[in-house]
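Residue numbers (my numbering): 462 to 1163.
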C-alpha cells in the first residue's frame, strides 16, 4: 500500500517526508531557476536524505531486526514502510542524478564552471595536481589494508571512501587483496584547478584515484571505487543512569559511530565482486545498496553554489534589513518597555535579539539572564554575551539541550565553557528534550523589578537566522514575564510548574490548549457562526490533533494549513476533511515559523510556538505556545499568514492521495517570500525618508 494507494485516514509519515524532499528537488529540476540556485537545492536534497537514513530508516531497521511489526497510523508495518521507502528513494536518486548529469553539469560547463575528468587534464593542470597530491594528500591520507577473516575498518560517518582492489602476490591464497582509503572531512572535496577562463575543478576522489599507484609501489591496482556507508543515528541516551549526564551524551556520540550500517552507496561502475565484499563486510542488506551514477554525496557540491564571479547564474540577493520596528541608537530596554516588538526573520535582522542580550550583559541594572540554547553557531555572540554577563557578576542560567541531534558535540563544548565561567548550566529535563526558545532578563528599575522576554520560533543562532524564516517577539508584558520566570524555575528546580497566566508548555498543557481552541471553533460552527483555523507549522503528525481537525471540518470549520514538511493529515476527502486545505511552500528561505490563528468568535486568538504538531513535540519535549496580544503584532501575524495562503508561485497543494500539485489560479502571481522582502525594504526606505525630512536646519549662532 503506497502513499498513492493508501485508503486510511492518515498518510504515512516517512513517505510524506520523502514527498517533502521531492518538493525541494523539484526546485533543482526547474529550468526557470538560476543554475547555481538549482545546484544549491540539489545539494540540500542529498543532505536531507542522509539525515533521513540515519534517523528514520535506521530506527525502522532496528524495529525490523527486533521483529517489532506493529503498524503505524497509516496501516503500514516497519517492513512495509522499508519496502516503500526503498522504492521511493531509488526513484529520487535517479531524479537527482538525472538532474545533475543531464541538466546541471552540462549547463554549468557551458557557463564556464567545469568539472575536469583525470583524462582531460592539461599537462600544466596535471603537474599542478600531482604536486598538490605529493605535498598534501599523500602525507595526510593512509590506506588501510583489509585482511581475510578480519573486520573491515570502522567508518563512523557517511564520508566518501575509496575501496581499492589490488592483485595479490603469487604466493597468496587469494588472487586479490583490498584496501580502504577514507577521504575524511579535513581535506576539501572540491579542488580548484588553474585555468585561463572560467572555473575548473576536480573532485578529491578523482585526484586520489589518478595517483593511487603512489600508495602501492610495485603493485597492480585493479579497481578503485568510491563508496559511502551511512550508519544508524537513531540512538537514545539512557537518562536513568545515575552518572553525569554530560558523560552519558559522550558515550552516545561514540555509540553512534559504531552503530549498524543502514545504507551503502557505491559507484555504479563497481564490479559485483567489490559490491559483494563491501556489503558483506559492513552487514548491509542487499536491498539497502544504492548504485550511484555520478559523484558520491551531492551535498558536498554546495560550495559551488556560492562561487564568486558568476552572478548571472545566481539568484538576485535579498538584503537583510534593520527592522523598521526598532529605533537605531535607542536601547532595547527602553523600546521594549514602551511596546512589544515583532520581528520577521530573515527579512528583518536578528541583530536586535543579539543586541538585547549584549545590552543585558553590560547593564549594571540587570540582575539575571535566563536562556535556552538548542542550536548555536560556532562563534556565537550570544554565548559570548552570556559569558560577559557572568564575568560581570550577574546571575546567568542557561538551559543547554545536549540532545539536539547532530549538534551534541558543539553543545557539550559550550556547556563546559559556560560552566567554567560560572554560568549555572542546566542540561534540560530528564526524559524530555528542551526545544523552547525563550530568554528572560530581570532588571532593577526605579519602579521595581521588570522582566524583558524574548520568545522565538527559531534557534538563538545568528547564522541560521539569515536562512530560516522565523518570528521573534520581544515584550515586557507583566504576565508573560512572570510566566517565563516560572518556566525557568520549573526546569532548573526540577519542580512541578505552577499554572501559567498566558503561555502553555508541552508536554503538560500545550496540546490540550490546542484541542480546546479547536473545540471552540467547532462549537461556533455548530451554532451557525463563522469559524476558521489558520496555522503554519513545519510538520503535522499527531493523531489526536489530526482527528480534532477532521472533527472541525465535519462541523463546518474552515481549516487552512501551511505545512512545510511532513503532513499525515489527508485533506479534501469527502465526509472527512472536505473543509481542510493544506499547502506547502518551498522557497529561498527555509520556512520554520509556527504561527496559529483561531477566529474565536471574532476575538482573534493568535499564537507563536516552538512546537510542531508532532507527538515528539507535544508529548516528549519542552515547548512553548505564546499568545500574541499586542494589537499591532497580532495584526501583523494575521497578515503574514494570509500572505502565505495567497502564494501561487512557490506553493503546492496537498491532494487527498498524498501527492502535491502546483497551486493554480487566475490571480496575479503572488510569491509570499518575495513580497515580505519587498514590503520590508519599502518600509525601511520610507522610514529613512521620514528621518531625513525631520532634520532641523542649523541656525546662525549670531
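C-beta atoms are modelled at their ideal positions from N, C-alpha and C, and glycine is treated no differently.
Residue from 949, 524, 599 whose Cα sits closest to the Cα of residue 693: 524
Nearest to residue 686 (by Cα), restricted to the options 623, 846, 966: 623
Bounding residues of the alpha helix (DSSP H) (the contiguous stretch that carries residue 815): 812-823
Residue closest to residue 1052, alpha-carbon to alpha-carbon, out of 903, 948, 681, 1023: 1023
Simplified DSSP state of residue 528, which is helix, strand or coil: coil
Those runs of the beta strand (DSSP E) which lie wholly inside the region 614-647 and span at least 3 residues: 622-628, 637-643
Nearest residue (CA-CA) to residue 934, options 987, 1041, 990, 1067: 1067
Residue 608 - DSSP class collapsed to helix/strand/coil: coil
For residue 1095, the first and last residue of its enclosing alpha helix (DSSP H): 1092-1107
Segment contact, 8 Å Cβ cut-off, at least three pairs: the region 981-990 with the region 916-925: no
Distance CB(residue 1042)-CB(residue 1021) smaller than 8 Å: yes
Backbone CA spacing between residue 796 and residue 1007 [nearest angstrom]: 40 Å
Cβ neighbour criterion (16 or more within 10 Å) applied to residue 473: buried
DSSP-derived helix/strand/coil call for residue 1029: coil
Where residue 1132 falls, given that 16 or more other Cβ within 10 Å makes a residue buried: buried
At least 3 beta-carbon pairs within less than 8 Å: the region 947-965 vs the region 895-909: yes
Counted within 10 angstroms of its Cβ, other Cβ atoms place residue 826 as buried (16 or more) or exposed: exposed
Residue 1058 (DSSP reduced to helix, strand or coil): strand
Residues of its chain near residue 729, where Cβ-Cβ distance is below 8 Å and the 5 sequence neighbours each way are ignored: 752, 753, 754
Buried versus exposed, by CB contacts within 10 Å (16 or more), residue 748: exposed
Nearest neighbour of residue 625, chosen from 638, 1011, 526 [CA to CA]: 638
Nearest candidate by alpha-carbon position, reference residue 1112, set 802, 882, 1046, 576: 1046
Strand pairing of residue 411, partner residues [DSSP]: For the chain, the structure presents residues 462 to 1163; residue 411 sits outside this window and is missing.
Min CB distance residue 904 to chain C below 8 Å: Protein chains in the displayed structure number just one, and chain C is not present.
Residues of its chain near residue 1094, where Cβ-Cβ distance is below 6 Å and the 5 sequence neighbours each way are ignored: 801, 803
Close Cβ partners of residue 786 (< 6 Å) along its chain, the five nearest in sequence each way excluded: 802
Segment limits, alpha helix (DSSP H) that includes residue 794: 793-799
Residue 557 vs residue 507 beta-carbon contact at 8 Å: yes
DSSP three-state assignment for residue 918, whether helix, strand or coil: coil
Same chain, Cβ closer than 8 Å to residue 1125, neighbours up to 5 away in sequence not counted: 1109
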